[in-house]
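Novice: Here it is, the structure, as structure tokens.
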Amino acid sequence: MAEMREGGVGQLIFKSQAKLLSLEFVKGKPLILLKWAGKDPTLPSILLNSHTDVVPSEHHKWTHPPFSAHLDSTTGNIFARGSQDRKCVSLQYLEAIRKLKASGFRPLRTVYLSFVPDEEIGGNDGAAKFADSDVFAKMNVGIVLDEGLASPTDNYRAFYGERSPWWLVVKAVGAPGHGAKLYDNTAMENLLRSIETIRRFRAAQFDPVKAGLKAEGEVISVNMVFLKSGTPSPSGFVMNLQPSEAQAGFDVRVPPTADQASLERRIAEEWAPASLNMTFETCSHLRDLLSETLKLANVKGP
Numbered sequence: 101m102a103e104m105r106e107g108g109v110g111q112l113i114f115k116s117q118a119k120l121l122s123l124e125f126v127k128g129k130p131l132i133l134l135k136w137a138g139k140d141p142t143l144p145s146i147l148l149n150s151h152t153d154v155v156p157s158e159h160h161k162w163t164h165p166p167f168s169a170h171l172d173s174t175t176g177n178i179f180a181r182g183s184q185d186r187k188c189v190s191l192q193y194l195e196a197i198r199k200l201k202a203s204g205f206r207p208l209r210t211v212y213l214s215f216v217p218d219e220e221i222g223g224n225d226g227a228a229k230f231a232d233s234d235v236f237a238k239m240n241v242g243i244v245l246d247e248g249l250a251s252p253t254d255n256y257r258a259f260y261g262e263r264s265p266w267w268l269v270v271k272a273v274g275a276p277g278h279g280a281k282l283y284d285n286t287a288m289e290n291l292l293r294s295i296e297t298i299r300r301f302r303a304a305q306f307d308p309v310k311a312g313l314k315a316e317g318e319v320i321s322v323n324m325v326f327l328k329s330g331t332p333s334p335s336g337f338v339m340n341l342q343p344s345e346a347q348a349g350f351d352v353r354v355p356p357t358a359d360q361a362s363l364e365r366r367i368a369e370e371w372a373p374a375s376l377n378m379t380f381e382t383c384s385h386l387r388d389l390l391s392e393t394l395k396l397a398n399v400k401g402p
């Protein structure tokens with residue numbers, strides 16, 4: 101941890117103490133922690149949290165390389181993966197504190213800034229271990245401001261009903277068969293039934309949002325993120341063989357007001373019924389898998 105200082109000397113100190121700024125609860129995943137001491141250190145502190153990791157990108161679809169942080173000199177726009185999620189708010193925190201310090205202001209309470217390394221894959225090795233650490237306990241945190249959405253105006257928006265991620269993989273199995281034959285209850289047929297059922301649920305959740313009757317954070321969002329099946333061949337996939345397995349992944353976000361037990365029953369009975377040779381896994385089983393997938397996706401970039 102390091103104290104926040106002002107001016108050129110402070111910048112040199114910041115650079116020389118770069119290693120001292122980070123905590124590594126898991127090797128290779130540093131968490132950065134800054135402290136702005138308040139007038140009364142006995143009061144519960146304020147923690148402003150951000151994350152430094154980003155989701156992968158489809159490089160060929162970008163106007164500029166996504167990790168180049170290209171600055172458009174005519175518009176002032178920055179082209180960079182993570183510029184909104186979540187570097188923009190991180191910079192707002194730092195710039196606001198810089199200006200307050202320059203004006204001579206000193207907060208009554210101590211303010212901490214944390215930059216965690218793995219928010220996009222569940223936060224198990226970053227925020228979770230940080231929250232369980234002695235370092236965090238000694239900080240006496242009273243309130244945390246975490247990520248929200250980028251604001252296109254000068255108004256900073258605060259959200260208080262963060263949805264929890266339920267990453268879901270639905271799997272279907274069935275007897276393999278020739279591509280020219282018609283069979284009942286094939287893996288693909290049953291998975292497509294499940295996808296259609298989930299699509300109708302998604303529409304029912306989304307319609308009130310589009311009508312302005314509910315905010316996005318008040319409904320359960322479901323988005324399909326992958327579809328996996330087929331038998332690979334040198335040219336792509338075997339086209340005359342019906343596969344024996346198929347699976348689809350969904351990013352499900354659940355607001356704190358939702359009936360979680362009801363959603364669990366819906367998944368088991370409607371989205372992945374055992375009667376159709378279907379099973380499912382939820383987020384607690386998938387974080388390690390997603391972590392490895394994101395690592396590979398970032399490594400494969402140009």
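Heads up: the sequence shown is residues 101 to 402, going by the numbering used here. C-beta atoms are modelled at their ideal positions from N, C-alpha and C, and glycine is treated no differently.
1. Could you check whether F380 and K281 sit closer than 8 Å to each other, using their CB atoms as the reference points?
2. Following the continuous alpha helix (DSSP H) through V235, name the residue where it begins and the one where it ends.
3. On a Cα-Cα basis, can you pick out the residue from P141, G279, D153, L134 that is closest to G128?
4. P144: which of N177, N255, G242 sits nearest, CA to CA?
5. So, do the stretch 210–223 and the stretch 130–138 have three or more beta carbon pairs nearer to each other than 8 Å?
6. Can you check DSSP and say which residues form a bridge with M328?
7. To the nearest angstrom, report how far apart V269 and E370 are at their CA atoms.
8. Leaving out five residues before and five after G48 in sequence, what residues of the same chain have Cβ atoms less than 7 Å from its Cβ?
9. From the DSSP output, in three-state form, read off G317 for me.
10. Sorted by chain position, which residues of the same chain lie with C-beta nearer than 8 Å to P332's C-beta, five sequence neighbours on each side aside?
11. Report the three-state DSSP secondary structure of H151 (helix, strand or coil).
12. Suppose you measure from the CA of V273 to the CA of P265; what does that come to, to the nearest Å?
13. Counting beta carbon pairs with one atom in the stretch 305–320 and one in the stretch 256–265, are three or more of them shorter than 8 Å?
14. Which residues mark the beginning and the end of the alpha helix (DSSP H) in which E364 is found?
15. Taking the alpha carbon of K229 as the point to measure from, which residue in I146, L363, L123, G204 has its own alpha carbon closest?
16. Output needed for E247: all residues of its chain with C-beta closer than 6 Å, excluding positions within five of it in sequence on either side, in chain order.
17. Using DSSP with H/G/I as helix, E/B as strand and the rest coil, what is Y283?
18. Work out the CA separation of A227 and V126 for me, nearest whole Å.
19. Alpha carbons only, please: which of I178, L191, K199, L327 is nearest the one belonging to H164?
20. Between T152 and chain E, is there a C-beta pair that is closer than 8 Å?
21. Where T382 and R365 are concerned, what is the direct C-alpha to C-alpha distance, given to the nearest angstrom?
22. Which of the three DSSP states is assigned to P265 in this structure?
23. From the DSSP output, which residues share a beta bridge with G128?
24. Going by DSSP, name the residue or residues bridged to S333.
25. Skipping 5 residues on each side, what residues in its chain have a beta carbon closer than 6 Å to that of E349?
26. So for W371, helix, strand or coil by DSSP?
27. With F215 as the anchor, note down where its beta strand (DSSP E) starts and where it stops.
28. What do you get for A374, buried or exposed, if any count of 16 or more other CB atoms within 10 angstroms of its CB means buried?
29. Cα separation between L363 and V322?
30. Taking Cβ positions, are P334 and P276 nearer each other than 8 Å?
31. Quick one: Cα of P141 to Cα of L245, how far?
32. Please report the Cβ distance between L171 and Y193, rounded to the nearest whole angstrom; I am assuming they are in contact, meaning their Cβ atoms lie under 8 Å.
33. Would you mind stating whether D351 and W267 have Cβ atoms separated by less than 8 Å?
Specialist: Put simply:
1. no
2. Run containing V235: 234–239, per the alpha helix (DSSP H) assignment.
3. D153
4. G242
5. yes
6. It should be pointed out that residue 328 corresponds to Lys in this sequence rather than to Met. Per DSSP, Q347.
7. 14 Å
8. Coverage of the chain is limited to positions 101 through 402, which leaves residue 48 absent and any answer about it impossible.
9. helix
10. V338
11. strand
12. 26 Å
13. yes
14. 360–366
15. L123
16. R186
17. Looking at Y283 - three-state DSSP - the assignment turns out to be coil, as it is neither helix nor strand.
18. 11 Å
19. I178
20. Judged by its chain identifiers, the structure shown contains no chain E, having just a single protein chain.
21. Straight-line Cα distance between these residues: approximately 13 Å.
22. Reduced to three states, the DSSP call for P265 is strand.
23. According to DSSP, which records beta bridges pairwise, G128 is partnered with nothing at all.
24. Paired residues: G336.
25. The amino acid at residue 349 is misidentified as Glu; the sequence shows Gly. Correct list, in chain order: V269, V325, F326.
26. helix
27. Start and end: 211–216.
28. exposed
29. 12 Å
30. No.
31. 19 Å
32. Not really, about 21 Å apart at Cβ, beyond 8 Å.
33. yes
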